[in-house]
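Numbering (our numbering), first residue to last: 1433 to 1679.
Notes follow the structure.
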């Protein structure tokens, strides 16, 4: 498919044909497209873990039972922000590695990772296959990291289940353009645009959605963020012990 058509036809699939096996050629096309994603200074501060081992995938589902597709898809990829590679470079040049003094290196690596992930999604759909991004692997971030034998300076960002869909999905409506697109400077907008989207999504009636879009995120952000991520970042040297992440 044409690139614009692929992106405009995007939808998430959670149900896959378990008998379908992704070919090595298809997998390599997806990985190659992912590796060609743009990155800051061509730093490519990410890595991709191709999880084929059934037992590893079974353990991932055990931690996160709501995402059984991690086992039943053709392949499961884990995209990680990787600052280990540049640490090796610093050691080679016998230079300080001061990434733990601020947030910017982490933001850079996570951005690189997200761009690579999106390229993989687009490539998957261009091949006539489907995928679902799994951000909830961060729920048990330390356990996932141990399972995948990730070294320090490496952060699991999201997973990607890929396979041949066996349930058709509709294209999910997006927020009104006026609430998302700004020209030259950020412009405030009337809350009615969010109410309009609530109405749109209620009519869309996706079975897995049990709340209004606005209420879902009001509830989500009224709870304390996942502190496991904070602790993981400290333990794995993304922040020094004197760097206060609570401020």
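Ideal placement from N, C-alpha and C gives every residue a C-beta, glycine not left out.
On a predicted model such as this, the values are computed, not experimentally measured, just so you know.
Continuous alpha helix (DSSP H) assignments of at least 4 residues falling wholly in the stretch 1543-1600: 1573-1579
Extract the residue ranges of the beta strand (DSSP E) inside the stretch 1640-1669, only unbroken runs of 3 or more that lie entirely within it. none
If you run the structure through DSSP and keep just helix, strand and coil, what is residue 1677? Taking the first residue of the chain shown as position 1, residue 1677 is located at position 245. With a pLDDT of only 49 at residue 1677, under the threshold of 50, the placement of this residue in the model should not be trusted, and no figure is reported.
Any contact between the stretch 1436-1454 and the stretch 1510-1519? By contact I mean 3 or more CB pairs, one from each, below 8 Å. no
Determine the extent of the alpha helix (DSSP H) in which residue 1466 is found, giving its start and end residues. The residue you call residue 1466 lines up with position 34 of the chain shown. Residue 1466 -> alpha helix (DSSP H) spans 1456-1467.
Which listed residue (1638, 1571, 1540) has its alpha carbon closest to that of residue 1498: The residue given as residue 1498 occupies position 66 in the chain shown. The shortest Cα separation from residue 1498 among 1638, 1571, 1540 belongs to 1571.
With residue 1438 and residue 1557 assumed to form a contact (beta carbons below 8 Å), what rounded beta-carbon distance in angstroms separates them? Sequence index remark: in the chain shown, residue 1438 carries index 6 (1-based). Sequence index remark: in the chain shown, residue 1557 carries index 125 (1-based). Indeed, because the Cβ distance is near 5 Å, the residues count as touching under 8 Å.
For residue 1539, name the three-state secondary structure that DSSP assigns. Here the question's residue 1539 lines up with position 107 in the chain shown. Three-state DSSP puts residue 1539 in a helix.
Taking residue 1543 as the reference, give the member of 1530, 1503, 1592, 1475 with the closest Cα. As a first step, residue 1543 is located in the chain shown; it is residue number 111 there, counting from the start. With distances taken between Cα atoms, residue 1543 lies closest to 1475.
How big is the Cα-Cα spacing for residue 1549 and residue 1496? Numbered from 1 along the chain shown, position 117 holds the residue referred to as residue 1549. Numbered from 1 along the chain shown, position 64 holds the residue referred to as residue 1496. If you take the alpha carbons of residue 1549 and residue 1496, they lie about 20 Å apart.
Can you name the start and end residues of the alpha helix (DSSP H) that residue 1629 belongs to? In the chain shown, residue 1629 corresponds to position 197, counting from 1. Note, residue 1629: alpha helix (DSSP H), 1624-1636.
Any idea what DSSP makes of residue 1607, helix, strand or coil? For the purposes of this step, residue 1607 is taken as residue 175 along the chain shown, with counting starting at 1. Coil.
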